[in-house]
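Chemist:
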Amino acid sequence: MNGKKMPATALKVILTGATIGLLAACGGAVDSGDASTQASQGINEERLLNAAGEPHNWLTHGGTFSETRFSALDAINLETIDQLDLAWAAPLGSYRGVEATPIIVDGVMYTTGSWSEVLALNAATGEILWRYDPEVPRSKGAHACCDVVNRGVAVYNDKVIFGSLDGRLIALDSKSGEQIWETRTVPLEEPYTITGAPRIVKGKVIIGNGGGEFGVRGFVAAYDAETGEQAWKFYTVPGNPDNGFENEAIEMAAETWTGEWWKLGGGGTVWDSMAFDPELDLLYIGVGNGSPWNQKVRSPDGGDNLFLSSIVALRPDTGEYVWHYQTTPGETWDYTATQNIILADLEIEGELRKVLMQAPKNGFFYVIDRISGELISAEPFVPINWATHIDMETGRPVENPEARYLSGGPALVKPSPFGAHNWHPMSFNPETGLVYIPAQDVPFLYSDQIEGEIARFDRDAFNIGVSLTDALPETEEARRTLLRQLVQAHLAAWDPVAQKEVWRVQHERMWNGGTLTTSGDLVFQGTTSGVFNAYNAKTGEELWSYPVGVAMVGGPVAYEVNGEQYVAVSAGWGSGANLLAGFYVGQTGGPVEGHVLAFKLGGEGELNVAALPQKATPEPARQPHSAEAVVRGTDLYGRFCGVCHGGAAISSGTLPDLRQSATLGIDTFDAFLLQGAGEAIGMPNFAGRLSQQEVDDIEDFILSRAWMAFQDEQQSTSQAE
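Numbered by the numbering used here, the letters in the sequence shown go through residues 59 to 779 in order.
(1) Am I right that Asn783 and Gly270 are in contact with their C-beta atoms under 8 Å? What's the rounded C-beta distance?
(2) Quick one: using the 10 Å Cβ neighbour count with 16 as the cut-off for buried, is Thr775 buried or exposed?
(3) So if DSSP puts Ile252 in a beta bridge, which residue, or which two residues, is it bridged to?
(4) When DSSP labels each residue in this structure, what does Val792 get in the three-state scheme?
(5) Would you list the residues sitting across from Arg411 in a DSSP beta bridge?
(6) Any idea what DSSP makes of Phe759, helix, strand or coil?
(7) Can you name, in chain order, every residue of its own chain whose Cβ lies under 7 Å from the Cβ of Ala311, other than the five neighbours on each side?
(8) How many angstroms separate the CA atom of Leu177 from the CA atom of Thr316?
(9) Residue ranges of each beta strand (DSSP E) run of no fewer than 3 residues wholly in the region 467 to 502, ordered along the chain?
(10) List the endpoints of the continuous beta strand (DSSP E) containing Gly344.
(11) With distances taken Cα to Cα, identify the nearest neighbour of Ile442 among Glu451, Pro455 and Glu432.
(12) Hey, Ala656 and Trp631: beta-carbon distance below 8 Å or not?
(13) Which residues in the same chain as Ser858 place their Cβ atom closer than 6 Å to its Cβ, once the five residues preceding and following it in sequence are excluded?
(14) Using DSSP's beta-bridge definition, name the partner residues of Ile162.
(15) Between Ile252, Phe698, Ile265 and Cys204, which lies nearest to Ser525 when the distance is taken from Cα to Cα?
(16) Work out the CA separation of Gly121 and Phe582 for me, nearest whole Å.
(17) Distance check for Gly523 and Gln772, CA to CA, integer angstroms please.
(18) Please tell me whether Phe204 and Leu549 are closer than 8 Å, where the distance is taken between their beta carbons.
(19) Per DSSP, which one or two residues make a beta bridge with Leu107?
(20) Rounded to the nearest angstrom, what separates Trp569 and Leu722 at their Cα positions?
(21) Whole angstroms are fine: how far does the CA of Asp330 sit from the CA of Thr396?
(22) Would a C-beta distance cut-off of 8 Å place Ser367 and Tyr393 closer than the cut-off?
(23) In whole angstroms, what is the alpha-carbon distance linking Asp770 and Thr712?
(24) Please check the pair Leu150 and His653, which I expect to be a contact at CB under 8 Å, by giving their CB distance rounded to whole angstroms.
(25) Does DSSP classify Phe520 as helix, strand or coil?
(26) Suppose you measure from the CA of Tyr281 to the CA of Ala289; what does that come to, to the nearest Å?
(27) What runs of the beta strand (DSSP E), each 3 residues or longer, lie entirely inside the region 208 to 237?
(28) Beta-carbon within less than 6 Å of Gly199's beta-carbon, same chain only, minus the 5 sequence neighbours each way: which residues are those?
(29) On the criterion of 16 or more Cβ atoms from any shown chain inside 10 Å, does Ile724 qualify as buried, or is it exposed?
(30) Do you know whose CA, among Glu407, Leu401, Ala707 and Leu230, lies nearest Met415's CA?
(31) Quick one: Cα of Ala229 to Cα of Asn591, how far?
(32) Taking the alpha carbon of Val545 as the point to measure from, which residue in Tyr593, Pro245, Val471 and Ala616 has its own alpha carbon closest?
(33) Entirely within the region 251 to 311 and at least 3 residues each: give me those beta strand (DSSP E) ranges in chain order.
(34) Does Met741 come out as helix, strand or coil in the three-state DSSP assignment?
(35) What does DSSP give as the partner residues of Val667 in its beta bridges?
(36) Grab the span of the alpha helix (DSSP H) containing Glu437 for me, first residue to last.
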């Protein structure tokens, strides 16, 4: 339904009493916004271009088109930080991952929860003004590699525009939450998802998608912000050569691929980062991993596989290709370049350069000339072993050959697929000259899984070409050793000119939140340990912390209403690592309702976020049938179950831990996998995709893990007594 207004009876929106008063407020904007008397005013191109001149608002995903996540507000500063306290906490009604960066316009906050729900709140009080539920089919969660998350909305001309998990782009009236138009951006039957926040550039809504692990062909597209009509589409990897190529850039890219990659999708999804330089009229996008990860499966004779893991510059009016820089040629480790892109002007060797900065998954911090795409510098910001350095003459990494797991045997590689830095936004402070990176140092054991990969290709399962058997710790003790010795995470302050770390703050867990930096000489970051922190932007000294009790992984924002400065952040368990790697991040006890939290000087808000107690693992009903069955079930579990219930069958708690299932080891276990007993809550029905023997093997694998957990808990209890 492109460009058509929905009838009121079809609207999926909940209005609060406060909204009725808000609808009547259509006057001019005030200096710092007053949600009690003002509605969201028209956000046109001029206001977006001059977003830095409205520090009381947060008008676009990264604060400005340059995506620096820097706020010029300074009422909260080194001298006043000890007065900072909670102003309000707004429950989202979400019990899955919460990753949104809120948008604030003239005293109104727009944000999203899980399952792509959109909310408008009074930015001064947290009162919910309206809520919109796009009613995403719960079965679509099976295609979300990293939870049913959404990273936020865009605002334009009294519209709030967002992408839904099932691939729709939807525009809502900013005052009422009523739907204005809806556009389907991807075929419904394909395993695409949308989790990223759209950007508005020159009246066009720019959005990409996810689904690389499930076998899709990536692209980014632009849609008219007034009607939802598609303006252009740029594919990031070539399709079937027999069908011809969409443009010269894709024809060029096809020369860097081999085999029959198009049968497996190719990947290259544009699922997060974008930035725009209005002076150069260039839109920059970050491109994702290959599909499957393992290059030997998708492109068996090698090749760079453009435009995987690349930064690509396009013309925003037409989608015309201008230049690209590939961070990881021949990508085979899930090393995306979708991490956020920051634009800045830096003095380098006495010359002011227009640069683009990115710290992608592969562990190098890149400074690139954003006019030409020329590499200026690149240095590792965490320990890595897949490459030794970047050759400055060619701009290419000098790889460690063993990292490609060429022999088919396992290779312990840094970084892991979770990345040295993932989607959690970094920020740049022009006053300190430093970039603040949520960094992590996590290894991964890669080994081939090629036999039968193409024949068993399944658009509803992980298709990565990498064995998950070798990657899992064999025992609970091995898991704890891995956590203690190998999994590290920290906040890094990085000098992009000198290409060196200035200071760091070590964290307890990986997957910590995005950063915000301000003119108050502060850096804010939430953690997966459940604490919101403020640091001295120049020294890294911790100045303030607030125990929330639940993870904060999204990017904080700063804004002002009625002369008072606020700092807000989304909080809630879930997100990719929490679902996929409970053995890395640790168990959290169970689902917790997500919130938006806002802090101000002298705040007197109350917070009630409590995790459910951890459940003990019951004694399993039986032993696995055989060791061989457990081995067979390991990779089957990884492909079909681990994306939701956690690698090694260890859930962080957001979704059920199958080791504790009441059906495990008895005759009813396969009711969920083969008879659709859980379809109403989003559990896929694997009938026709898994045989009874394969389901039995998966159950035996889970049983083996349940026995490990049970025995470990019994031993721990005995030692405690």
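Cβ coordinates follow ideal geometry from the N, Cα and C atoms, glycine included.
Modeler: Once the coordinates are examined:
(1) The chain is shown from 59 up to 779; residue 783 falls before or after that span and cannot be answered.
(2) Position 717 of the sequence shown, counting from 1, holds the residue named residue 775. Exposed.
(3) Here residue 252 refers to the residue found at position 194 when the sequence shown is read from its first residue. Ile252 is not bridged to any residue.
(4) No answer is possible for residue 792: the residues shown for the chain start at 59 and end at 779.
(5) In the sequence shown, residue 411 corresponds to position 353, counting from 1. Arg411 pairs with Leu404.
(6) Taking the sequence shown and counting its residues from 1, the one referred to as residue 759 is at position 701. Helix at Phe759.
(7) Within the sequence shown, numbered from 1, the residue matching residue 311 stands at position 253. Excluding residues up to 5 positions away in sequence, Val295, Pro296, Leu364 and Phe365 lie with their Cβ nearer than 7 Å to the Cβ of Ala311 in the same chain.
(8) Your numbering for residue 177 matches position 119 in the sequence shown. Your numbering for residue 316 matches position 258 in the sequence shown. If I take the Cα positions, the gap works out to 46 Å.
(9) 469 to 471, 485 to 487 and 492 to 499
(10) Working through the sequence shown from its first residue, we reach residue 344 at position 286. Where Gly344 is concerned, the enclosing beta strand (DSSP E) stretches over Leu340 to Gly344.
(11) Residue 442 sits at position 384 when you count from the first residue of the sequence shown. Closest by alpha carbon: Pro455.
(12) Start at 1 with the first residue of the sequence shown, and residue 656 comes out as number 598. Start at 1 with the first residue of the sequence shown, and residue 631 comes out as number 573. It is not a contact, given that the beta carbons lie outside the stated cut-off.
(13) What the structure shows of the chain is the stretch from 59 to 779, and residue 858 is not part of that stretch, so it cannot be assessed.
(14) As a position in the sequence shown, residue 162 is number 104, starting the count at 1. Paired residues: Trp116 and Met167.
(15) Taking the first residue of the sequence shown as position 1, residue 525 is located at position 467. It is Phe698 whose Cα lies nearest to the Cα of Ser525.
(16) Walking along the sequence shown from the start, residue 582 turns up at place 524. Walking along the sequence shown from the start, residue 121 turns up at place 63. Answer to the nearest angstrom: the Cα atoms are 15 Å apart.
(17) Residue 772 sits at position 714 when you count from the first residue of the sequence shown. Residue 523 sits at position 465 when you count from the first residue of the sequence shown. About 37 Å.
(18) Within the sequence shown, residue 204 is the residue found at index 146, counting from 1. Within the sequence shown, residue 549 is the residue found at index 491, counting from 1. In the sequence as presented, Phe is not what sits at residue 204; that position holds Cys. No, Cβ-Cβ distance for Cys204 and Leu549 is not below 8 Å.
(19) Counted from its first residue, the sequence shown places residue 107 at position 49. DSSP lists no partner for Leu107.
(20) Stepping through the sequence shown from its first residue, residue 569 is reached at position 511. Stepping through the sequence shown from its first residue, residue 722 is reached at position 664. In a straight line, the C-alpha of Trp569 is about 30 Å away from that of Leu722.
(21) Against the sequence shown, residue 396 aligns to sequence position 338. Against the sequence shown, residue 330 aligns to sequence position 272. Thr396 and Asp330: Cα-Cα distance of roughly 6 Å.
(22) Position 309 of the sequence shown, counted from the first residue, corresponds to residue 367. Position 335 of the sequence shown, counted from the first residue, corresponds to residue 393. Yes. Within cutoff.
(23) For the purposes of this step, residue 770 is taken as the residue at position 712 of the sequence shown. For the purposes of this step, residue 712 is taken as the residue at position 654 of the sequence shown. Going by the C-alpha atoms only, they are around 22 Å apart.
(24) For the purposes of this step, residue 150 is taken as the residue at position 92 of the sequence shown. For the purposes of this step, residue 653 is taken as the residue at position 595 of the sequence shown. Confirmed, about 6 Å.
(25) Within the sequence shown, numbered from 1, the residue matching residue 520 stands at position 462. Looking at Phe520 - three-state DSSP - the assignment turns out to be coil, as it is neither helix nor strand.
(26) Taking the first residue of the sequence shown as 1, we reach residue 281 at position 223. Taking the first residue of the sequence shown as 1, we reach residue 289 at position 231. If you take the alpha carbons of Tyr281 and Ala289, they lie about 5 Å apart.
(27) The region 208 to 237 contains, as complete beta strand (DSSP E) runs of 3+ residues, the segments 212 to 214, 217 to 221 and 226 to 231 (chain order).
(28) In the sequence shown, residue 199 corresponds to position 141, counting from 1. These residues qualify, in order along the chain: Val206 and Gly740.
(29) Here the question's residue 724 lines up with position 666 in the sequence shown. Under this definition Ile724 is an exposed residue.
(30) Position 357 of the sequence shown, counting from 1, holds the residue named residue 415. The residue from Glu407, Leu401, Ala707 and Leu230 with its alpha-carbon nearest to that of Met415 is Leu401.
(31) Position 171 of the sequence shown, counted from the first residue, corresponds to residue 229. Position 533 of the sequence shown, counted from the first residue, corresponds to residue 591. So the alpha carbons of these two residues sit roughly 34 Å apart.
(32) By one-based count along the sequence shown, residue 545 stands at place 487. Closest option to Val545, Cα to Cα, is Val471.
(33) Listed in chain order, they are 257 to 259, 262 to 265, 277 to 282 and 288 to 293.
(34) Here residue 741 is taken as the residue at index 683 of the sequence shown, counted from 1. Coil, per DSSP.
(35) Numbered from 1 along the sequence shown, position 609 holds the residue referred to as residue 667. Paired residues: none, contrary to the question.
(36) Looking up residue 437 in the sequence shown gives position 379. No alpha helix (DSSP H) contains Glu437, which is instead part of the beta strand (DSSP E) from Leu433 to Pro438.
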